[in-house]
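Visitor:
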Amino acid sequence: MAMRPRVLVRLAYSAEDVATRLRTFRNGFTGQDARITASISKLFAISSLLQQLDEAQNDRDQGPSFYRIRDDVSIIIPSLERTLQDSLEMVARSQNRPSEVAWDDMQFQMSREEGLGLHERLALYHDFLRAQTPSTPRVPAIRAPARPVRTPSSPSEYSDQWDYSFRPPPLAPEVPISPSFTSISSQSLDSSQTSYSSDPYYYPPTVAIHWSSEIFDGRHPETSFRDSYYLRERSTCFGNPDPDAFRNLAEDGFVRAFQLPFEGNQLRVRLYWRPMDSRARILMMTKGRFGEGLCYCMPIVNLKVIRDISSLQLCRARRDGTYDMWARLNFDTYERMVVFYNTFVAMKHQDSREIPHENLLDHLELRCDGGEYEIFGGAIKHGELRHALRLFKDRSSGVVRLEASALRGPMRDVPLWTAFVTRYVGDPDWALYEPGGLVSLAAVRPRLYVFLSGYGPPHRGRDEYLLDFVTSEDARQFVESWTGLCRQPSPYR
1 MAMRPRVLVR
11 LAYSAEDVAT
21 RLRTFRNGFT
31 GQDARITASI
41 SKLFAISSLL
51 QQLDEAQNDR
61 DQGPSFYRIR
71 DDVSIIIPSL
81 ERTLQDSLEM
91 VARSQNRPSE
101 VAWDDMQFQM
111 SREEGLGLHE
121 RLALYHDFLR
131 AQTPSTPRVP
141 AIRAPARPVR
151 TPSSPSEYSD
161 QWDYSFRPPP
171 LAPEVPISPS
181 FTSISSQSLD
191 SSQTSYSSDP
201 YYYPPTVAIH
211 WSSEIFDGRH
221 PETSFRDSYY
231 LRERSTCFGN
241 PDPDAFRNLA
251 EDGFVRAFQL
261 PFEGNQLRVR
271 LYWRPMDSRA
281 RILMMTKGRF
291 GEGLCYCMPI
301 VNLKVIRDIS
311 SLQLCRARRD
321 GTYDMWARLN
331 FDTYERMVVF
341 YNTFVAMKHQ
351 DSREIPHENL
361 LDHLELRCDG
371 GEYEIFGGAI
381 KHGELRHALR
391 LFKDRSSGVV
401 RLEASALRGP
411 MRDVPLWTAF
421 VTRYVGDPDW
431 ALYEPGGLVS
441 LAAVRPRLYV
451 FLSGYGPPHR
461 GRDEYLLDFV
471 TSEDARQFVE
481 SWTGLCRQPS
491 PYR
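Residue numbers (the UniProt record's numbering): 1 to 493.
1. With CYS368 as the anchor, note down where its alpha helix (DSSP H) starts and where it stops.
2. Do VAL414 and ALA346 have their CB atoms nearer than 7 angstroms?
3. According to the neighbour-count rule (16 or more other Cβ atoms, all chains shown, within 10 Å of its Cβ), is THR223 buried or exposed?
4. When you compare each of ILE69, ALA45, ARG35 and LEU43 to THR107 by their alpha carbons, which one comes out closest?
5. Pick helix, strand or coil for ARG420, following the three-state DSSP scheme.
6. Report yes or no: do the stretch 418 to 425 and the stretch 444 to 462 share at least 3 C-beta pairs separated by less than 8 angstroms?
7. Just to confirm my understanding: we take SER188, look at its own chain, exclude 5 residues before and 5 after, and list those with CB closer than 6 angstroms. What are they?
8. For the alpha helix (DSSP H) that TRP103 lies in, which residues bound it at each end?
9. Can you name, in chain order, every residue of its own chain whose Cβ lies under 6 angstroms from the Cβ of residue 495, other than the five neighbours on each side?
10. Please identify the residue among ARG234, MET276 and ARG274 whose C-alpha is closest to the C-alpha of GLU263.
11. What residue ranges within the UniProt domain "PH" (244 to 355) form continuous beta strand (DSSP E) runs of no fewer than 3 residues, ordered along the chain?
12. What are the boundary residues of the alpha helix (DSSP H) that ARG82 is part of?
13. In chain order, what residues of the same chain lie with their CB nearer than 8 angstroms to the CB of LEU231, ignoring the 5 residues before and after it?
14. Nearest-angstrom Cα distance between ARG274 and VAL255?
15. Which term fits SER228, buried or exposed, when burial requires 16 or more other beta carbons within 10 angstroms of its beta carbon?
16. What residue from ILE46, ILE77 and THR83 has the CA that sits closest to GLN109's CA?
17. In whole angstroms, what separates the C-alpha of LEU441 from that of GLU434?
18. Figure out for me which residue from ASN248, MET285 and ASP242 has the closest Cα to the Cα of PRO261.
19. On the criterion of 16 or more Cβ atoms from any shown chain inside 10 Å, does SER397 qualify as buried, or is it exposed?
20. Could you tell me how far apart the beta carbons of VAL439 and PHE376 are, in whole angstroms, since I believe they sit closer than 8 angstroms?
21. Using only CA atoms, which one of PRO457, GLU335, HIS382 and PRO458 lies nearest to VAL400?
22. Find out if the Cβ-Cβ distance for the pair HIS210, ALA245 is shorter than 7 angstroms.
23. Taking the beta strand (DSSP E) that PHE392 belongs to, which residues open and close that run?
24. What's the gap between the Cα of ARG97 and the Cα of ASP105?
25. Between the stretch 315 to 331 and the stretch 382 to 397, do three or more beta carbon pairs fall short of 8 angstroms?
26. Could you say which of GLU403, PHE469, PRO243 and LEU467 lies nearest to GLU372 if we only look at CA atoms?
27. Return helix, strand or coil for ILE36, following the three-state DSSP convention.
28. I need the straight-line Cα distance from residue 537 to ARG476, nearest angstrom please.
29. Rounding to the nearest angstrom, what Cα-Cα distance links GLY288 and THR133 in this structure?
30. If you draw a straight line from the C-alpha of LEU314 to the C-alpha of ARG390, how long is it?
31. For VAL450, name the three-state secondary structure that DSSP assigns.
32. Just the C-alpha distance for MET337 and SER79, rounded to the nearest angstrom, thanks.
33. For LEU122, I'd like the list of residues in its chain whose CB is within less than 8 angstroms of its CB, leaving aside the five on either flank, ordered along the chain.
34. Name the DSSP beta bridge partners of HIS357, please?
35. What are the boundary residues of the beta strand (DSSP E) that includes LEU441?
36. Could you check if ASN342 is buried or exposed, using at least 16 other CB atoms within 10 Å of its CB as the buried criterion?
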């Protein structure tokens with residue numbers, strides 16, 4: 001049974017959104033506090049398991065084994081989608097009627113259909129997903145830490161950890177899959193959207209997905225830094241902990257865009273965005289000296305990225321032109337650093353709030369001593385749009401990549417797309433000059449990473465991309481630069 005693309009991660013985000021809405025609902029409802037809190041905890045645990053399965057499914061090494069559990073995991077999806085939808089509709093109805101009535105109505109309906117209320121269903125989903133997880137060998141990014149961990153019971157409450165611990169799983173329980181939990185759910189969604197579209201607390205079951213969720217797919221190459229360029233300093237945050245970070249993000253309408261683990265999952269970095277105005281914040285989660293959960297949060301327009309070989313420093317600007325380091329993120333592979341940097345800078349400039357000071361602007365910060373240097377720079381066009389095209393090579397890793405960015409205006413030099421092309425170095429015919437200033441690239445795999453929603457670079461066929469240069473001279477110089485690069489010693493170590 002085939003699953004829809006990225007359905008697991010989308011369900012994970014939906015589960016977190018339901019948890020956030022239930023928290024708001026719980027604040028105005030005193031009758032079932034403990035039960036609702038337990039449901040919120042299960043939702044976060046379910047989200048964690050779904051993301052772990054998604055990462056395993058898309059992992060280069062573990063993905064081929066996912067077929068062993070694909071059909072079993074697919075069974076749960078329609079049921080879980082419907083349960084999340086029913087929960088969101090219940091919260092929406094509570095704005096026009098007593099919370100107790102809305103809650104009891106939902107519980108009655110669920111119990112009539114399957115004999116199980118919300119918490120019982122969530123417990124079954126959780127146990128079912130947990131039973132599937134060991135069936136697929138886990139990748140390092142989702143390996144269970146040494147200490148047992150728990151999921152926080154709400155966005156504003158902090159426990160020692162954020163992940164559900166991996167214990168020997170029980171036999172997979174049956175999941176409620178009555179006829180009302182199948183394709184009919186998509187039909188009922190249409191009417192519910194009409195009923196609650198004006199309600200400020202109503203969020204459709206499919207939460208808005210930010211374009212960055214497609215960037216960190218794990219399919220890009222992984223080139224380690226050369227030993228002499230790798231910094232041994234740990235990733236950390238130097239800011240002040242914010243105990244209200246989760247609550248503020250939820251109340252201000254922010255939705256998680258993506259998450260990355262650092263230091264073997266001891267530090268997690270999330271970027272949040274607000275769909276209505278593209279405002280963005282960064283959240284860091286780690287543990288203090290005594291194992292307590294610590295969170296740090298900052299609008300990303302207040303931070304400048306400065307590269308230090310294998311690390312990115314996120315800095316606040318002083319009035320005297322100097323910087324204070326707010327956080328340091330150390331990367332194991334260069335490609336991961338590139339996609340994080342480009343995503344961060346793109347989201348920063350797509351934020352509706354103006355960057356408060358020119359000292360916070362990011363200008364090709366991956367170029368530094370021991371870092372990237374530019375082999376070629378020219379201008380390409382896409383319809384009426386004009387883009388700067390650059391060919392970079394990184395000294396610290398040997399990685400070669402292409403990058404397109406805005407040529408002029410307030411988005412100048414903000415990354416639009418990048419392509420990792422190291423594997424093609426050595427093939428001078430990969431870049432072919434065609435009449436009229438056009439250069440065709442025989443293949444680009446993995447695909448180009450695009451940092452603007454809805455944009456698609458010009459291409460011909462499945463993997464052949466086109467560079468339409470503003471001038472024929474730029475096109476010829478690009479091909480000559482590529483040919484010259486191919487004559488250099490191999491970038492591979």
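For glycine and all other residues, C-beta sits at the position ideal for the given N, C-alpha and C.
Guide: So, from the data block:
1. Taking the first residue of the sequence shown as position 1, residue 368 is located at position 368. From DSSP, CYS368 is part of no alpha helix (DSSP H); its letter is neither H nor E.
2. The residue you call residue 414 lines up with position 414 of the sequence shown. The residue you call residue 346 lines up with position 346 of the sequence shown. For VAL414 and ALA346, yes; Cβs fall inside 7 angstroms.
3. In the sequence shown, the residue the question calls residue 223 occupies position 223. With 16 or more Cβ atoms within 10 Å of its Cβ, THR223 is classed as buried.
4. Counting from one through the sequence shown, the residue named residue 107 turns up at place 107. According to the sequence displayed, residue 107 carries Gln and not Thr. With distances taken between Cα atoms, GLN107 lies closest to ARG35.
5. By one-based count along the sequence shown, residue 420 stands at place 420. Here residue 420 is Phe; the residue named in the question, Arg, does not match the sequence. Strand at PHE420.
6. yes
7. Indexing the sequence shown from 1 puts residue 188 at position 188. Residue placement at SER188 cannot be trusted, given a pLDDT of 28 that sits under 50; what the coordinates show is reported in the next sentence. Excluding positions up to five away in sequence, the list is empty.
8. Here residue 103 refers to the residue found at position 103 when the sequence shown is read from its first residue. It spans 99 to 114 - the alpha helix (DSSP H) in which TRP103 sits, taken as one unbroken run.
9. Here the chain comprises residues numbered 1 to 493, so residue 495 is not present and cannot be evaluated.
10. As a working mapping, residue 263 is identified with position 263 in the sequence shown. Looking at the Cα atoms, ARG234 is the closest of the given residues.
11. 255 to 262, 267 to 274, 279 to 287, 293 to 299, 304 to 308, 311 to 317 and 323 to 330
12. Counted from its first residue, the sequence shown places residue 82 at position 82. First-last of the alpha helix (DSSP H) with ARG82: 67 to 93.
13. Start at 1 with the first residue of the sequence shown, and residue 231 comes out as number 231. Around LEU231: ASP308, ILE309, SER310, SER311 and ASN330.
14. Locating residue 274 in the sequence shown gives position 274, where the first residue counts as 1. Locating residue 255 in the sequence shown gives position 255, where the first residue counts as 1. Cα-Cα distance, rounded: 6 angstroms.
15. Residue mapping note: residue 228 aligns to position 228 of the sequence shown, counting from 1. Exposed, by the Cβ-count rule.
16. Taking the sequence shown and counting its residues from 1, one reaches residue 109 at position 109. Ranking the options by Cα distance to GLN109, first place goes to THR83.
17. Here residue 441 refers to the residue found at position 441 when the sequence shown is read from its first residue. Here residue 434 refers to the residue found at position 434 when the sequence shown is read from its first residue. Whole-angstrom Cα-Cα distance: 11 angstroms.
18. Within the sequence shown, numbered from 1, the residue matching residue 261 stands at position 261. That would be MET285, whose Cα lies nearest to the Cα of PRO261.
19. Position 397 of the sequence shown, counted from the start, is the residue given in the question as residue 397. With 16 or more Cβ atoms within 10 Å of its Cβ, SER397 is classed as buried.
20. Position 439 of the sequence shown holds residue 439. Position 376 of the sequence shown holds residue 376. Wrong, their Cβ atoms sit about 11 angstroms apart, outside the cutoff.
21. Counted from its first residue, the sequence shown places residue 400 at position 400. Per the Cα distances, GLU335.
22. Stepping through the sequence shown from its first residue, residue 210 is reached at position 210. Stepping through the sequence shown from its first residue, residue 245 is reached at position 245. No, these two residues do not count as a Cβ contact at 7 angstroms.
23. In the sequence shown, counting from the first residue as 1, residue 392 sits at position 392. Residues 385 to 394.
24. Residue 97 sits at position 97 when you count from the first residue of the sequence shown. Residue 105 sits at position 105 when you count from the first residue of the sequence shown. For ARG97 and ASP105, the distance between alpha carbons rounds to 11 angstroms.
25. no
26. As a working note, residue 372 is residue 372 in the sequence shown. Of the candidates GLU403, PHE469, PRO243 and LEU467, the one whose C-alpha sits nearest the C-alpha of GLU372 is GLU403.
27. Reading the sequence shown from its first residue, position 36 is the one you call residue 36. Reduced to three states, the DSSP call for ILE36 is helix.
28. Any answer about residue 537 is impossible in this case: the structure gives the chain only from 1 up to 493.
29. Along the sequence shown, read from residue 1 onward, the residue named residue 288 stands at position 288. Along the sequence shown, read from residue 1 onward, the residue named residue 133 stands at position 133. Those two C-alpha atoms are separated by around 29 angstroms.
30. For this step, residue 314 is matched to residue 314 along the sequence shown. For this step, residue 390 is matched to residue 390 along the sequence shown. Distance between the alpha carbons of LEU314 and ARG390: 24 angstroms.
31. The sequence position of residue 450 within the sequence shown is 450, counting from 1. If DSSP states are grouped into helix, strand and coil, VAL450 belongs with the strands.
32. Here residue 337 refers to the residue found at position 337 when the sequence shown is read from its first residue. Here residue 79 refers to the residue found at position 79 when the sequence shown is read from its first residue. Going from the Cα of MET337 to the Cα of SER79 covers about 38 angstroms.
33. One-based indexing of the sequence shown puts residue 122 at position 122. Taken in chain order, the residues that qualify are SER39, LYS42, LEU43, ILE46 and THR83.
34. Locating residue 357 in the sequence shown gives position 357, counting from the first residue. BP columns for HIS357 are empty, so no partner.
35. Translated into the one-based positions of the sequence shown, residue 441 becomes position 441. LEU441 -> beta strand (DSSP E) spans 438 to 441.
36. Indexing the sequence shown from 1 puts residue 342 at position 342. Flag for ASN342 reads buried.
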